[in-house]
Ligand SMILES: Nc1ncnc2c1ncn2[C@@H]1O[C@H](COP(=O)(O)OP(=O)(O)OP(=O)(O)O)[C@@H](O)[C@H]1O
Ligand SMILES: [Mg+2]
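Protein chains in written order, with our numbering: chain A, 5 to 287; chain E, 155 to 405.
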């Protein structure tokens, strides 16, 4: 017992660890909230695309000494607009367009990073570095994350209806085009928030795994949201501790934990789990 | 305009899908408090007409007015409820039947969409009307095909619009439900609502529809049932394949 308490408490003597636990828990929360909409709307690929596409924005922001969130956001939204433009102007299918755009952006980002080879900060953007997060970035993360949470709190029902039945949303007078861009903007903002913790490459896991876990646990959206938040926060905080004790990649630890949670849920979920399904098929 | 504005007014509407015309020069005007049956063959443009009225397809010509308003303003005022022929939704979505019906009330709620007592009451009433109360807590996919249709009809009722557009609401529902739905439509009509309903059941059309609209790529005829529900119009609409009275075509 004492060993477990020590495992959690001892690292907190370091200020950087306190900061890291709080930031990663918060990031886990924001991502979990968005992940419910991403999984229900079927936007996993879109999320992956936006997260990779922000790379050149981050590097350029770094070069020009601007807040990296600004660069990330501009390129995140830019990738979405590029996808929308190419899709509507050509006969190419959407998944191909998404693949084209995000690899193009990401490759450009890699070229830019490789022109600044000694730059540790940029490597942190790719792989995340919550254990060494500077204070300025903490504040930025909390501001952007809070904006996202507030927006979802206000629009959660409209966004839900937009995901479920856009035809009906339109027929009761909602502006579905606006909702589409709002959801995409929130996605970009969340990615910006999550970069700190897990890095560009693993952001997508934070944006779909908690939603997928929660989706297996509930048939009610409100419950799904709560399950997603719980699994998102727990895996982020535990993952941060794990990475401290193991001296391993933080983003990696968080996502591995999430995946383990997902596998457990997939097997043991009370209604949609594999065990229950096997049992009901056997009888 | 000197004449009174109609509840549903379709003026010279033409719709193309990828260059192929599905509906051309469709014109229709329905006044308040009427049930109009829309009849035509498969592919005659019934669903297209509904979508054009709702603004889900953009006509290449013509216009649609609801109570004299553009469809967008009518929708923003919550005047129009539409039940499509088949719902294109994810049936595994984590919402209950009651949640779905409550979505019909969003237009009446504040920005946060927090339901008030009235909204809960109207949802309960709407579910009752289509005899779906016992299924209110089911996940939306855990229903039979007919029950799903009833759930979405309940949502349309919960909207409390005065113009109701129903695309084949009776397909796949049992005879008892169909009768109950028809009674409901008649009641709504008596309250002054305007209902456009497409159907393939020609025998029931003359029993509950005040007006009939014949469609085949365009609106061939419409008017009071006793005036327009004739063998001639049926033959024009269905290309002379009507079983009851077969006239020999003069070559
Ligand atoms: N999305 C679409 N793309 C291309 N063509 C379409 C589309 N929807 C309908 N059509 C065509 O438009 C015509 C009218 O279709 P519509 O769905 O309006 O017929 P309908 O009268 O509702 O038929 P049904 O009785 O089978 O429901 C048909 O020829 C159909 O093939
Ligand atoms: Mg149809």
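Using N, Cα and C, we set each Cβ at its ideal position, and we do this for glycine too. Here the structure is a predicted model, which means the values were calculated and not measured.
- For residue 183 of chain E, the three-state secondary structure derived from DSSP is strand.
- In terms of beta-carbon proximity, residue 362 of chain E stays away from the interface with chain A, with every pair separated by 8 Å or more.
- Under a 10 Å Cβ-count criterion, residue 248 of chain A is classified as buried, with 16 or more other Cβ atoms of the shown protein chains found around its own Cβ.
- In this structure residue 198 of chain A is in contact with residue 35 of chain A, their Cβ atoms being roughly 5 Å apart against a cut-off of 8 Å.
- The CB of residue 250 of chain E comes closer than 8 Å to the CB of 223 and 224 in chain A, given here in chain order.
- Secondary structure at residue 243 of chain E: coil, using DSSP grouped into helix, strand and coil.
- Per the C-alpha coordinates, the member of E:297, E:380 and E:210 positioned closest to residue 174 of chain A is E:210.
- Beta-bridge partners assigned by DSSP to residue 170 of chain E: E:175.
- The DSSP assignment places 251-257, 271-283 and 299-313 as complete runs of the alpha helix (DSSP H) inside the stretch 236-314 of chain E, in order along the chain (cut-off: 4 residues).
- Not one heavy atom of ligand 1 lies closer than 7 Å to the C-beta of residue 303 of chain E.
- Going by DSSP, residue 233 of chain E is part of no beta strand (DSSP E) at all; its letter is neither H nor E.
- Closest in C-alpha terms to residue 333 of chain E, from the list E:348, E:291 and E:285, comes E:285.
- Contact annotation: residue 260 of chain E and residue 161 of chain A have beta-carbon atoms nearer than 8 Å.
- DSSP places residue 256 of chain A in the uninterrupted alpha helix (DSSP H) bounded by 254-272.
- Less than 8 Å divides the Cβ of residue 79 of chain A from the Cβ of residue 60 of chain A.
- At least one heavy atom of ligand 2 lies less than 7 Å from the C-beta of residue 322 of chain E.
- For the 8 Å CB-CB criterion, residue 106 of chain A and residue 30 of chain A do not form a contact.
- Chain E has no Cβ within less than 8 Å of the Cβ of residue 132 of chain A.
- Rounded to the nearest angstrom, the gap between the Cα atoms of residue 224 of chain A and residue 230 of chain A is 10 Å.
- Non-local C-beta neighbours of residue 361 of chain E in its own chain, meaning closer than 7 Å and more than five positions away in sequence, are absent.
- Residue 385 of chain E has its Cβ no nearer than 7 Å to any heavy atom of ligand 2.
- Distances from the CA of residue 274 of chain E to each of E:255, E:266, E:292 and E:265 were compared; the closest alpha carbon is that of E:255.
- Under the criterion of beta carbons closer than 8 Å, residue 247 of chain E and residue 168 of chain A qualify as touching, at roughly 5 Å.
- Burial state of residue 12 of chain A is exposed, judged by a 10 Å Cβ sphere holding fewer than 16 other Cβ atoms.
- Here residue 189 of chain E is bridged, per DSSP, to E:349.
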